[in-house]
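> Structure in structure tokens, see below.
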Amino acid sequence: MSDYLLKSVCYEGQIRAYALCATETVSEAQKRHDTWSASSAALGRTMVGALLLGATLKGDDKMTVKVDGDGPVGHIVVDSNGRGEVKGYIANPSVSLPPNAAGKIDVRGAVGTQGTLTVTKDLGLKEAFSGQVPLVSGELGEDFTYYMANSEQVPSAIGLSVLVDTDDSIKAAGGFMIQVMPGATDETLLAIEKNIAEIPLVSKLMDAGEQPEEILDRLLGKENVKVLEKMPVSFKCDCSKERFSTAIIALGEHEITEMIEEDHGAEASCHFCGNHYHYSETDLIELRAEALAK
Ligand SMILES: [Zn+2]
């Protein structure tokens, strides 16, 4: 089953709700970066959050989520867009910690509790939109919720969930975002709060075979949900040898000559997806010529 995200309106427009299955997507990131359990959970939750926030964008619009905490994983950077594509990396992929008091992966211990969550949106306008909040939890779900309420002024409930297997592979990943629209009644909010308090971990439900449709039904009640769109979701990096060539040309003649004479070639690797690009001496001589022609 491929990953997808559902967009819905509920309670006749009082609520907007999104539910996401991202098991394959987070799995791809785990394999590419060879992340250990705590790093897998932290990167995976950030990817799920970035996909949920990205679901509010139009097709070509894109955003970057940066989590910068004082924990051992270091910073986490995830890019997403309005087409359900996501890519990301974590500064230290090799973090595993003893389980927390609840017996779960200690994401707070991995991310830290001091730091910031920053969202930068490129909406094709002259200036990018950027919002930043301090980390309030380090578990990330609460941090994304706090960001939505404080930076975008949309009261929301966000759940991010990643189930990591004993061999560090991803068993399931997913989440939800419920947004309260102006005019929502107390009765509606109380009903949803009760459901949120009762719902088991989304990744556990998905591991047991549930789909985003069933997650929305659990959270909002089947009769209240109207699904508007089903969007495929995937890990996708837009790097290429051409892009890295442009970056090498920008280094200038002097640096390229050094790479040729001292290293007889160069290796470039993409932070986001881990792809490597090799440049032979001949490649570099061509790039130096282009740099000189500028
Ligand atoms: Zn890449």
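Heads up, our numbering is the position in the sequence shown plus 270, with the first residue counted as 1. Where a beta carbon is used, it is the ideal one built from N, C-alpha and C, also for glycine.
1) Just list the residues that DSSP pairs R302 with in beta bridges.
2) Looking at the unbroken alpha helix (DSSP H) that takes in T386, where does it start and where does it end?
3) Apply the 10 Å Cβ neighbour rule to S310 and answer buried if 16 or more other Cβ atoms are within range, or exposed otherwise.
4) Counting only the same chain and skipping the five closest in sequence on each side, list residues whose C-beta sits under 6 Å from that of G401.
5) Taking CB distances under 9 Å as the criterion, tell me whether G453 reaches chain C.
6) Please give me, in chain order, every unbroken run of the alpha helix (DSSP H) with length at least 4 that falls completely inside the stretch 402-472.
7) Alpha carbon to alpha carbon, how far is H546 from G535? Give it in angstroms, no decimals.
8) Quick check: the stretch 372-380 against the stretch 348-358, are there 3 or more CB pairs under 8 Å?
9) Please determine, among T293, I462, K277, G445, the residue with the shortest C-alpha to C-alpha distance to D435.
10) How would you call R488, buried or exposed, if buried means at least 16 neighbouring beta carbons within 10 angstroms?
11) Give me the residue from P425, G429, T316 with the minimum Cα distance to A454.
12) Thinking just about the alpha-carbon of each residue, which of V335, D331, A538, P482 is nearest to the one in G319?
13) Cutting at 6 Å between CB atoms, please list the residues of its own chain near M529, excluding the five before and the five after it.
14) Does the structure place the stretch 484-502 close enough to the stretch 512-530 that three or more beta carbon pairs sit under 8 Å?
15) According to DSSP, is I375 helix, strand or coil?
Considering the structure as presented:
1) Beta-bridge analysis with DSSP links R302 to no other residue.
2) T386 -> not in any alpha helix (DSSP H); beta strand (DSSP E) instead, spanning 385-392.
3) That one is buried.
4) The residues are V389, S421.
5) This model lacks chain C altogether, as it is built from one protein chain only.
6) Segments of the alpha helix (DSSP H) lying fully in the stretch 402-472: 411-421, 456-468.
7) The alpha-carbon atoms of G535 and H546 are separated by roughly 13 Å.
8) The stretch 348-358 and the stretch 372-380 do not touch, with fewer than three beta-carbon pairs separated by less than 8 Å.
9) Comparing C-alpha distances from D435 to each of T293, I462, K277, G445 shows the shortest one belongs to T293.
10) Using a 10 angstroms sphere on the CB of R488, the tally of other CB atoms reaches 16 or more, which defines it as buried.
11) The candidate whose alpha carbon is nearest that of A454 is P425.
12) V335 is the residue among V335, D331, A538, P482 whose C-alpha sits nearest the C-alpha of G319.
13) These residues qualify, in order along the chain: A536, L554.
14) No: the two stretches stay apart, fewer than three of their Cβ pairs being nearer than 8 Å.
15) DSSP places I375 in coil when its eight states are reduced to three.
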